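**Q**
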Amino acid sequence: MQLKIGLLNDSFPPTIDGVANTVLNYAKSITAHHGEALVVTPKYPHVTDDYPFPVYRYHSIPIVGPLGYRAGNPFSPMTISELHAQGLDLLHVHSPFASSVLARQLVRPKKYRVPVVLTYHTKYEYDIQKFVKARHLQQVIKRFIRHNINLADEVWAVSQGAGESLRVMGYHGDFRVMPNGTDFAKGKAPAEEVDELRRIYNISPDDLVFLSVGRMMWYKNIKITLDALDIVRQAGIPFRVIFVGEGADRPAIEQYARSLGLSDRAIFTGAIYDREKVRAYFSLANLFLFPSTYDTSGLVVKEAAACSCPSLLVAGSCAAEGVIDNDTGLLAEESAESCAQRILAALREPGTLARIGRGAADRVYLSWDDAVAMAYKRYEEIIGSWPHPLPNLHKDW
């Protein structure tokens, strides 16, 4: 079924985050294999969109903060009129903020009423608690988010853990898990690209290499990572560790690594936007360290799996969903001691990490094309049953 899908999100490249990456890959895969996609996102100055699909950018203002986000105006009559003219069959919203408000404006007139799907990506309760100190304001924000979620005809969560976050936010409607994928092809990066990294960092083929990829923020449990590595160091294990990513806590993280005596072993690359280079880092590493309990999807775990790199994860975390300990990953408790012991136990048996990496490639890896194919099939089912009621009964258009 040829459908024209509107993909609405509050961020999109040049802003780089997990949800922006999701929308980008949805649009690519829909366009290449299924139907048409239109990305709807706030306007950024001096940005030229050069994609195999159209991007509609609407008026926005900058948000104060270090991440460079912009807030779109979802009430613009011109925006609403121009989007009505696109003839969209379904709106897929990826943010319960401005994008949800815009979706509500678009489908309010009966003649433009089309199904609205919302994917819940983020544990907003963590962000609200961290950045909003006033309790009454926290509740106001939660009600606003919950209201926007309730207005969707169908709600998806990127993992079961993300669905549990929906419950914490006070949402009581139905949801279905629709997992994300990775844009990495299965298989390691070309050997010459990996060898180039070895040359740059003076890493021999026999060296043990750990890798961390993601935003350099303490809430990603980077302290647990560093403390676990310190325990491994004290056990007499030689290794190198590479941190790929940028973030407001990077200076403090580097200082803490120095205080542990890890300076000669740790490499901080900063942000890397070239996806093939990131793939080379995963192909270089023997073990990916990701003890985060904040992330709802753990896209990076699938990226590691694509390169046959096993992941160390916290048991019960969203990132660990579908991962089997000592088969497709290493699972530990949320402590440095537990993470270190899982690493040391794996290192005692030669070949263990390589074996687990192969298992991850076979059973954890999920491509974006396969993930979007599942989503598109559900789009077709929704359109096929429309305008009959969908599972989310909390609508108030």
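Mind the numbering: the sequence shown is residues 2 to 398 in the numbering used here, read in order.
Here a beta-carbon is modelled for each residue, glycine too, at the ideal position from N, C-alpha and C.
Given the structure is predicted, the values throughout are model-derived calculations rather than measurements.
In the DSSP output, what is Trp157 paired with across the bridge?
**A** The partner list for Trp157 (beta bridge, DSSP) reads Thr120 and Arg177.
**Q** Please state the DSSP three-state secondary structure of Gly360.
**A** DSSP places Gly360 in helix when its eight states are reduced to three.
**Q** To the nearest angstrom, report how far apart Gly164 and Thr42 are at their CA atoms.
**A** Whole-angstrom Cα-Cα distance: 25 Å.
**Q** Would you kindly report the start and end of the unbroken alpha helix (DSSP H) that includes Ala192?
**A** Segment Ala192 to Tyr202, the alpha helix (DSSP H) holding Ala192.
**Q** Does any residue of chain B bring its CB to less than 9 Å from the CB of Ala190?
**A** Among the chains of the structure shown, chain B does not appear; only one protein chain is present.
**Q** Considering only DSSP beta bridges, list what Val40 is partnered with.
**A** According to DSSP, Val40 bridges with Leu8 and Val56.
**Q** Quick check on the DSSP output: the beta strand (DSSP E) that includes Ile238 runs from which residue to which?
**A** Counting along the chain, Ile238 falls outside any beta strand (DSSP E), and DSSP gives it neither H nor E.
**Q** What three-state label does DSSP hand Gly88 in the structure shown?
**A** Note: Gly88 maps to coil in three-state DSSP.
**Q** Answer with buried or exposed for Arg1, where buried requires no fewer than 16 other C-beta atoms within 10 angstroms of its C-beta.
**A** In the structure displayed, the chain extends from 2 to 398; residue 1 sits before or after that span and is not available.
**Q** Compare the beta carbon distance of Ala253 and Trp219 with 9 Å and say whether it is the shorter of the two.
**A** Cβ distance < 9 Å, so Ala253 and Trp219 count as in contact.
**Q** I think Cys340 touches Ala236, with their Cβ atoms under 8 Å apart; what is that distance to the nearest whole Å?
**A** Actually they do not touch by this definition, with Cβ atoms about 13 Å apart.
**Q** On the DSSP bridge list, what partners appear for Ala333?
**A** Answer is Val315, bridged to Ala333.
**Q** Could you compute how far the alpha carbon of Gly174 sits from the alpha carbon of Asn151?
**A** Answer to the nearest angstrom: the Cα atoms are 7 Å apart.
**Q** Can you round the beta-carbon distance between Tyr52 and Thr16 to whole angstroms, since I take them to be within the 8 Å contact cut?
**A** With 8 Å as the limit, Tyr52 and Thr16 do not qualify as a contact, their Cβ atoms being about 15 Å apart.
**Q** Taking Cβ positions, are Thr80 and His93 nearer each other than 9 Å?
**A** The answer is no: Cβ separation not under 9 Å.
**Q** Arg71 bridges to which residues according to DSSP?
**A** DSSP lists Pro63 as partners of Arg71.
**Q** For the alpha helix (DSSP H) that contains Thr23, what are its first and last residues?
**A** Gly19 to His34 is the extent of the alpha helix (DSSP H) around Thr23.
**Q** Where does the unbroken beta strand (DSSP E) through Ile268 begin, and where does it stop?
**A** Per DSSP, Ile268 belongs to the beta strand (DSSP E) from Ala267 to Gly271.
**Q** Is the beta carbon of Pro116 sitting closer than 9 Å to the one on His85?
**A** For Pro116 and His85, no; Cβs fall outside 9 Å.
**Q** By DSSP's criteria, Pro93 is part of a beta bridge. Which residues make up the other side?
**A** The residue you asked about is not Pro; residue 93 is His in the sequence shown. In the DSSP output, where bridge partners are listed per residue, His93 has Leu8 and Val118.
**Q** Per DSSP, Phe185 forms a beta bridge with which residues?
**A** None; Phe185 has no bridge partner.
**Q** Verify whether the separation of the beta carbon atoms of Lys221 and Tyr295 is less than 9 Å.
**A** It is a contact, given that the beta carbons lie within the stated cut-off.
**Q** Where does Ile344 fall in DSSP's three states?
**A** Helix at Ile344.
**Q** Taking all protein chains shown into account, decide if Arg216 is buried (16 or more other Cβ within 10 angstroms of its Cβ) or exposed.
**A** Under this definition Arg216 is a buried residue.
**Q** What does the alpha-carbon distance come out to for the pair Phe132 and Arg349?
**A** Cα-Cα distance, rounded: 43 Å.
**Q** Could you tell me how far apart the beta carbons of Pro180 and Leu209 are, in whole angstroms, since I believe they sit closer than 8 Å?
**A** Not a contact, Cβ separation roughly 31 Å.
**Q** Buried or exposed for Leu9, going by 16 or more other Cβ atoms inside 10 Å?
**A** So Leu9 ends up on the buried side.
**Q** Apart from the five residues on each side of it in sequence, which residues of its chain come closer than 6 Å, Cβ to Cβ, to Asp231?
**A** Correct list, in chain order: Leu261.
**Q** According to DSSP, Val245 sits in a beta bridge with which residue or residues?
**A** In the DSSP output, where bridge partners are listed per residue, Val245 has Val214 and Gly271.
**Q** Where does the unbroken alpha helix (DSSP H) through Phe132 begin, and where does it stop?
**A** That run of the alpha helix (DSSP H) goes Tyr125 to Phe132.
**Q** So what's Ser368 in DSSP terms, helix, strand or just coil?
**A** Here Ser368 sits in strand by DSSP.
**Q** I need the DSSP call for Leu103, collapsed to helix, strand or coil.
**A** Helix.
**Q** Got a sec, what are the start and stop residues for the alpha helix (DSSP H) Leu138 sits in?
**A** Taken as a continuous stretch (DSSP letters only), the alpha helix (DSSP H) holding Leu138 covers Arg136 to Asn151.
**Q** I need the straight-line Cα distance from Ser96 to Ser309, nearest angstrom please.
**A** Their backbone Cα atoms lie some 32 Å apart in a straight line.
**Q** Kindly indicate the opening and closing residues of the beta strand (DSSP E) around Phe13.
**A** Premise fails: Phe13 is in no beta strand (DSSP E) and is neither H nor E.
**Q** What separation, rounded to the nearest whole angstrom, lies between the Cα atoms of Gly246 and Ile268?
**A** Computed Cα separation, rounded: 11 Å.
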